[in-house]
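Encoded as structure tokens, the structure appears first; notes follow it.
In the working numbering, the protein residues as written are 6 to 117.
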């Protein structure tokens, strides 16, 4: 998941649900949290918290009196401006291999 996925999900929600209502700041925060929770398969983990913070860091400023539908356009522009992909979220350091569970047999032969 990337912040752009969250921005687009919030934009979809604002477009579909009461798009002519004025956007309130607390509604935006609740919606970001709900979409992150949904997009991370309903887990409350460090990953979800980091995704919420990253999304809020790139969130456009909310103009006074803007409607939910109008703000959805701002969110879509912000998401496309960053153009994140899932590859951008790949870990830089690969995982450490797990320990062996069985000993490796020796293949060297003794010399007479």
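No residue lacks a Cβ here, since even glycine has one placed at the ideal position from N, Cα and C.
Beta-carbon proximity check, residue i vs residue j, cutoff 9 Å
i: residue 64; j: residue 33; result: yes
i: residue 71; j: residue 27; result: yes
i: residue 15; j: residue 40; result: yes
i: residue 62; j: residue 8; result: yes
i: residue 13; j: residue 81; result: yes
Inter-residue Cα distance where the pair is residue i and residue j
i: residue 75; j: residue 30; result: 14 Å
i: residue 58; j: residue 69; result: 23 Å
i: residue 45; j: residue 53; result: 6 Å
i: residue 10; j: residue 84; result: 8 Å
Which of helix, strand or coil DSSP assigns to residue i
i: residue 72; result: strand
i: residue 27; result: strand
i: residue 48; result: coil
Same chain only: Cβ atoms within 7 Å of residue i, ignoring 5 sequence neighbours per side
i: residue 20; result: 74, 77
Residues near residue i by beta carbon distance below 6 Å, same chain, minus five either side
i: residue 24; result: 73, 74
i: residue 86; result: none
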